[in-house]
Amino acid sequence: MKTFGDKQWSNLTLLPAVVLSILLLFLLRGEAWADKRVDAATEGQPYIGMQLPQAADPRVPILEEEPFLGLHMNGARTPVLKRMLSALRREVKIDSTGKNINFVEKLDQVDFRLPRFLSLSDYVQIRREHNQSTMWVRSALAKLGESSAGHSGGALRIDIPVEIKNRTFQAIFGGGTVGLDVTGEINIKGGLRNEKRSEVSTSLVNGSHTSFTMEQTQRFQVQGHVGEKVTIGVDQDSERAFDFENNLHLSYKGNEDEIVQSIEAGNIALSLPGTRFVTFGGQSSGLFGLKAAMNFGRLQLTAIASQEKGENKKLSLSGGASQNKQTIEDYNYVKNQYFFLDEHYRNYYPQRSSDGLFLYDPNRSITDVEVYTSQPNFQNQPDKAIRGWAWSVARKDTSTRVIRTRSDTVSSKSMYLGYFIRLEKTNYDFNPELGYIRLHSPLSTGEVLAVAYRDSSGYVRGMIDFDSKKDRVIQLRMLRSENPMPSDVTWDLEWKHVYSLGTSNIPEDGFNLKIYYKPPSGDPQETIEINGAAKSYLQIFGLDRVDKVGNLKPDNVVDKNDNVLRLASGELWFPELRPFDPLNPSTELPDDKRTRAIYDTTVQSYITAQSKFYIEVESQTRSAEYRLGMNIIENSEEVTLNGRKLNR
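Residues 626 to 1273 (the numbering used here) are what the sequence shown spells out, left to right.
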């Protein structure tokens, strides 16, 4: 019986015999290896486009050159290190017979590789094949470079190599070749967003919402030809503001002695010169259609069939004032401008007196306030930038602290560490009784809003008496986080019940405002039936409580009350903080007509789909000039005064 140790010993005993056999076989095949070059492709061995490197040849190479560093057409030739040594000496000599060549390499007088002996005829054949292969590669690379230079920018050129031999085809199109050049790009961007609302009171079915967004932009040009007479041009860009800027053009150009001189299709233009019988010329561009120019002897004929796409609009002026109408969706409230300074003022805001005036806490009126916004590029304003903390919750210790952090900015839902710029008093308004501020310019994306204030009771939030000479870091009360979300503590501090009417200083004459409900099917509805009686949505939302003389009797007209309608600033203020999902339990708005998504999510596609109301505004503006808008088709305007047509 053999043990494991006996088996291992017997294997070790056979190892020298195996090595000796391999060495003997190698020596016997040395002469054949020297005289015969094996090619895998010609010997029938498998070849799949990338040839694997052969075993290293211990003999002196015939040709002295650095190997190709990369993937070669004849296989992989990618050594990790350079093969040529600086101390290596190579000798090539012809023997005394003049028929053989000897190749020797020595490193400090020691043979570095096995010497190689080759007949002169074999060497000439190998050198000829090598030179021919090198010339082919260089020629191909040169042609490739010329093609890349002539068609830069990622162009795709398609030429049909087979010429069309049909004589009729060649006579019509001026040749038998067909080609196409395409340049441009198509970008597709996709994104996946998941929003969780576990900390927000909502009636949405799921606690989270996942949406996939995709944005595609395309910008390309196509130039084609059929023979020598027909050319095709396409210029498309999805980012252009207007469709007419995208062009499609097909043209045919005949010879001088042909009847049909030219044919154009797609985006064309027409120019008519003045003649003996027509004293004016005309020019029209932006047409889409077909134009042909023909010669019948001395008669030149131009025929055109085109289409101008447009939309008819009417602007009515009465007494020098223009009547305008616009619609405002329920989710398009004024964003990033109105903010409460504290939850205390937000809780007081919905309270009104019997005549609709605001009620407030006289013990908490604001006496001092400073407003700050985050400034990422603080290096550009080193004299104004202030490093500090902004907290969404009250901090007991508001003293100056030394902050050591490797990052310039630290952000979370409840705090922000970064650089702030103090706003000038002229950049915002604030109401001391109601405790809110209004920024003259909306905040930008990623901008943090923070304040420091003191009220009449002596209560202080933030470092209202900050002194940059003594204090190194400022502590502030955060009103808006870097990336606002419904789960943030500061989310409800931003107003969501003010709507812009599109312009300011609106005259009261001619002003009219309505609110319409958008049912799943049918026409928009201005009223709703409550307890058997029809009520307008102006009443439901608290915008129509009194008539023109002030009696508590709705008249289906929005109240001219500064707490509701501000014509000077062009704003509509709803009494409720969440007008389309009111918190007041006595509201008459049914549950099936509420839109909670406006206030409880940031997924715009979902908010738009859930929208149920819109505001319609009609107003008049007086001016010496009136804008008709952009892209007016030339000579398409018509102006009438009391029914009489006016001419330019």
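We treat Cβ as the ideally placed atom computed from N, Cα and C, and that holds for glycine.
Model, not experiment: these values are computed from the prediction.
7 Å Cβ shell around residue i - same chain, five flanking residues per side excluded
{"i": "glutamate 995", "result": "Arg1047, Val1076, Ala1077, Ile1089"}
{"i": "tyrosine 1239", "result": "Thr952, Ile953, Glu954, Asp955, Tyr1141, Lys1143"}
{"i": "isoleucine 592", "result": "The requested residue 592 does not occur in the structure, where the chain is confined to residues 626 to 1273."}
{"i": "alanine 1193", "result": "Ser1129, Asn1130"}
{"i": "lysine 878", "result": "Lys854, Ser887"}
{"i": "proline 1149", "result": "Tyr1141, Tyr1142, Lys1143"}
{"i": "serine 1125", "result": "Val959, Gly1195, Glu1196"}
{"i": "leucine 1266", "result": "none"}
{"i": "asparagine 871", "result": "Asp860, Gln861, Asp862, Arg865"}
{"i": "glutamate 881", "result": "none"}
Backbone secondary structure at residue i - three-state DSSP
{"i": "aspartate 967", "result": "coil"}
{"i": "tryptophan 761", "result": "helix"}
{"i": "tyrosine 1142", "result": "strand"}
{"i": "leucine 732", "result": "strand"}
{"i": "phenylalanine 921", "result": "strand"}
{"i": "asparagine 756", "result": "helix"}
{"i": "serine 979", "result": "coil"}
{"i": "aspartate 1117", "result": "helix"}
{"i": "asparagine 1002", "result": "coil"}
{"i": "serine 863", "result": "coil"}
{"i": "leucine 766", "result": "helix"}
{"i": "lysine 1218", "result": "helix"}
{"i": "threonine 808", "result": "strand"}
{"i": "glutamine 962", "result": "coil"}
{"i": "leucine 1208", "result": "coil"}
{"i": "lysine 950", "result": "strand"}
{"i": "lysine 1274", "result": "Residue 1274 is absent from the model: the chain starts at 626 and stops at 1273."}
{"i": "aspartate 1080", "result": "strand"}
{"i": "leucine 829", "result": "Interpretation of leucine 829 is limited by its pLDDT of 42, a score under 50 that renders its predicted location unreliable; no figure is taken from the coordinates."}
{"i": "arginine 792", "result": "helix"}
{"i": "asparagine 1056", "result": "strand"}
{"i": "valine 851", "result": "strand"}
{"i": "phenylalanine 845", "result": "strand"}
{"i": "asparagine 727", "result": "strand"}
{"i": "alanine 1234", "result": "helix"}
{"i": "phenylalanine 798", "result": "helix"}
Own chain residues within Cβ distance below 6 Å of residue i, not counting five before or after
{"i": "isoleucine 1099", "result": "Ile1011, Gly1013, Met1088, Phe1091"}
{"i": "serine 1244", "result": "Asn949, Ile1131, Phe1136"}
{"i": "glycine 891", "result": "Leu873, His874, Leu875"}
{"i": "glycine 809", "result": "Arg844, Phe845, Gln846"}
{"i": "alanine 583", "result": "Outside the displayed span of the chain (626 to 1273) sits residue 583, for which this structure offers no information."}
{"i": "methionine 839", "result": "Gly815"}
{"i": "threonine 793", "result": "none"}
{"i": "isoleucine 813", "result": "Gln841"}
Supposed contact pair residue j and residue i - C-beta distance, whole angstroms, cut 8 Å
{"i": "proline 975", "j": "asparagine 1209", "result": "7 Å"}
{"i": "tryptophan 1016", "j": "serine 1039", "result": "7 Å"}
{"i": "glycine 801", "j": "glycine 858", "result": "Between glycine 858 and glycine 801 the Cβ distance is about 21 Å, and since that is not below 8 Å, they are no contact."}
{"i": "aspartate 1172", "j": "valine 1183", "result": "At roughly 12 Å, the Cβ-Cβ gap does not stay under 8 Å, so aspartate 1172 and valine 1183 are not in contact."}
{"i": "arginine 1063", "j": "glutamine 962", "result": "6 Å"}
{"i": "aspartate 1008", "j": "proline 1111", "result": "About 38 Å; that fails the 8 Å criterion."}
Closest by C-alpha distance to residue i, when choosing among the options
{"i": "aspartate 720", "options": "Lys731, Tyr985, Leu745", "result": "Leu745"}
{"i": "arginine 1105", "options": "Ser1069, Pro683, Ala1193, Gly1083", "result": "Ser1069"}
{"i": "asparagine 1056", "options": "Tyr997, Pro987, Gly1043, Gly1071", "result": "Pro987"}
{"i": "glycine 799", "options": "Val1182, Asn791, Ala767", "result": "Asn791"}
{"i": "aspartate 733", "options": "Arg715, Thr722, Lys724, Val1228", "result": "Arg715"}
{"i": "proline 1204", "options": "Leu1190, Asp1187, Gly1167", "result": "Gly1167"}
{"i": "valine 1085", "options": "Leu1101, Arg923, Asp1225, Glu810", "result": "Leu1101"}
{"i": "asparagine 957", "options": "Gly1268, His1122, Leu766, Leu1118", "result": "His1122"}
{"i": "threonine 927", "options": "Asp1187, Asp980, Asp967, Ile884", "result": "Ile884"}
{"i": "asparagine 972", "options": "Ser1236, Ile811, Arg1191, Glu1119", "result": "Glu1119"}
{"i": "tyrosine 1044", "options": "Thr856, Pro1001, Leu1074", "result": "Pro1001"}
{"i": "tyrosine 970", "options": "Leu1059, Asn920, Val959, Lys1009", "result": "Leu1059"}
{"i": "glycine 1083", "options": "Pro1145, Ile1223, Thr992", "result": "Thr992"}
{"i": "aspartate 1134", "options": "Glu1241, Glu1262, Lys1185, Asp736", "result": "Lys1185"}
{"i": "phenylalanine 964", "options": "Val735, Arg989, Asp1054", "result": "Asp1054"}
{"i": "alanine 712", "options": "Thr722, Glu730, Gly723, Pro1145", "result": "Glu730"}
{"i": "glycine 1071", "options": "Gln841, Glu1107, Trp1116", "result": "Glu1107"}
Contacting residues, own chain, Cβ-Cβ under 8 Å from residue i (five flanking each side not counted)
{"i": "isoleucine 726", "result": "Val717, Lys718, Ile719, Asp720, Phe742, Leu743, Ser744, Leu745, Tyr748"}
{"i": "proline 683", "result": "Arg738, Leu739"}
{"i": "glutamate 1201", "result": "Pro975, His1122, Phe1166, Gly1167, Pro1207, Leu1208, Asn1209, Thr1212"}
{"i": "leucine 1191", "result": "The sequence shown places arginine at residue 1191, not leucine. Cβ neighbours of arginine 1191 beyond the five flanking positions: Leu1197, Trp1198."}
Near the ligand FAD: residue i beta-carbon under 7 Å from a heavy atom
{"i": "glutamine 1150", "result": "What this structure holds is no ligand at all, so the ligand FAD is not there to describe."}
Quick check on the DSSP output: what are the complete beta strand (DSSP E) runs of length 3 or more inside the region 1130-1201, in order along the chain? 1137-1142, 1152-1155, 1158-1161, 1196-1198, all fully within the region 1130-1201.
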